[in-house]
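Counting from 564, one number per residue, gives the positions in the sequence shown under the working numbering.
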Amino acid sequence: MKIKLPYGCQNIDEDDVKSVICALESKWLTTGPFVEQFEKEVAKYCGSKFGVAVSSGTAALHAAMYAADIGPGDEVIVPSMTFAATANAIVYCGGKPVFCDVDTHNLLMDIDDIESKITGRTKAIISVDYAGQPADYLQLIGLAEDNNLILIDDACHALGAYVGILGRSIGNLSDLTIFSFHPVKTITTGEGGMIMTNDEKYVEKMRMFRNHGISVDARRREEKDSWQYDMVDLGYNYRITDIQCALGISQINKIDNFVQKRNDLADRYDYLFKYYINFVEPLDRLTGYEEDIDAYHLYVVKFKEEKIRNHMFHFLRKKGIGVNVHYKPVHLHSYYKEKYNTCSEMCPVSEACYRKILTLPLHPGMEENDVDTVVNLMKKGIRTL
Ligand SMILES: *Cc1c(COP(=O)(O)O)cnc(C)c1O
């Protein structure tokens, strides 16, 4: 079936096109001034000191693990309810992912379960701002400090979110924060990612890491009139192009509108589910304080039973509604079962929720009547059960 309404989708306008053309006509297609400008603008937007742009969110996670010096013998605590890339980045560096369960209401990391999984080998926690809600940073920051752990935020869902009680945006709450600019995320560069930090020592490391582990990049070499370079550690080619960053610069200008539109559409879903539908529950999202901003990457609902969820998934897909399930708990993937001896029952809440959740379409190109269409189809779907 052709999908008419995907769960997520980029929003590109004339300004984006003009910005990309401008990059194409400039001198630098990669490692040029648009990259730096994009880094500065995202950093300014979220109030952090530095941004390091790379080729994807996954590359950004890998670079953050490298900056945090994760290696063999190190354990990193990570929620099981996330995209596999969050845990994979730990493995890229030779570390061991330790899967943690989530809270049944909002699917954010369960703080007590994190505490119970801290050992002498734990070096870092990666929190995930699931679906765009900021995780509980008041508690996470305290927990990391008390146990001398590096706090890393996989904020691939949460660019644009804000934590009222701390007066800070996502991107300025942990030691290293990761954003993705994949087309379904808040803003896009096609593929792309960025690591935010306030700590300069991480910045140089990650700039090197994205460029083969070489200490000086091409443009700076040209400025210095020198052919000298030194590869000081094993890095990768994780560079992002100026073409992509030109798109990112244009997109970040519109982020507040994107987040507002997502919230308005989510309000409409909330309203319809509250008054007209009794067989489904929206996520009970963590927005405890008045000023909190939820970036609303995903609109997730829970059904009472797996059977109903599965029926609804197929019914809506047949009608061209691109519903999806986020996520199959990472510890249930074959790779982790085989290599890390994970098994079911390890994170019972994640597993139980996985059977009941469904992600409904939510992106800034939608209108209120699209939300109504989805909900009306769900009403029809329940009658065909
Ligand atoms: C999208 C996403 C990633 C990976 O980002 P890419 O840019 O696709 O590599 C990692 N973690 C989470 C939670 C994501 O949603």
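We put the beta carbon where it would ideally sit given N, CA and C, even for glycine.
Under the three-state reduction of DSSP, Arg-731 is assigned to strand.
Assigned with DSSP and collapsed to three states, Glu-577 falls in helix. In terms of side-chain proximity, the C-beta atom of Asp-717 is found nearer than 8 Å to a non-hydrogen atom of ligand 1. The alpha carbon of Lys-659 has as its nearest neighbour, out of Ile-945, Tyr-899, Arg-946 and Glu-930, the alpha carbon of Tyr-899. By alpha-carbon distance to Gln-823, the top candidate from His-775, His-860 and Lys-612 is His-860.
In this structure, His-745 has its beta carbon less than 8 Å from a heavy atom of ligand 1. The three-state reading of DSSP puts Tyr-890 in coil, since its state is none of H, G, I, E or B. Residue state for Met-757 is assigned as strand, using DSSP reduced to three classes. If one requires a minimum length of 3 residues, the beta strand (DSSP E) runs lying completely within the segment 827 to 898 are 843 to 845 and 862 to 866, in chain order. Residue Met-759 holds the alpha-carbon nearest to the alpha-carbon of Ala-631 among Cys-609, Met-759 and Val-934. Distance from the CA atom of Asp-666 to the CA atom of Glu-708, rounded to whole angstroms, is 22 Å. One thing to note: Ser-643 has its Cβ no nearer than 9 Å to the Cβ of Asn-761. Distances from the alpha-carbon of Tyr-655 to those of Val-864, Pro-697, Asp-793 and Ala-626 put Ala-626 closest.
Around the beta carbon of Gln-807, 16 or more other beta carbons sit within 10 angstroms, so the residue counts as buried.
Inside the segment 603 to 665, DSSP marks whole beta strand (DSSP E) runs of 3 or more residues at positions 613 to 617, 638 to 642 and 659 to 663, from first to last along the chain. Fewer than three pairs of CB atoms, one per stretch, sit closer than 8 Å, so the segment 887 to 894 makes no contact with the segment 834 to 848.
The residue from Thr-850, Cys-906 and Ile-920 with its alpha-carbon nearest to that of Phe-876 is Ile-920. Annotated as distal: Tyr-852 and Ile-704, with beta-carbon spacing of 9 Å or more. Cβ atoms of Tyr-570 and Thr-922 come within 8 Å of each other, at about 5 Å. In this chain, Ser-589 is not harboured by any alpha helix (DSSP H), its DSSP state being neither H nor E.
Shown here, Asn-669 sits in coil according to DSSP, grouped into three states, outside any helix or strand.
The C-beta of Cys-609 has 16 or more other C-beta atoms within 10 Å across all chains shown, which makes the residue buried. Given a length threshold of 4 residues, each whole run of the alpha helix (DSSP H) inside the segment 786 to 819 is given here in chain order: 805 to 815. With a threshold of 16 other beta carbon atoms within 10 Å, Tyr-834 falls short and is exposed. Inter-residue distance for Cys-916 and Arg-831 is about 23 Å (C-alpha atoms, whole angstroms).
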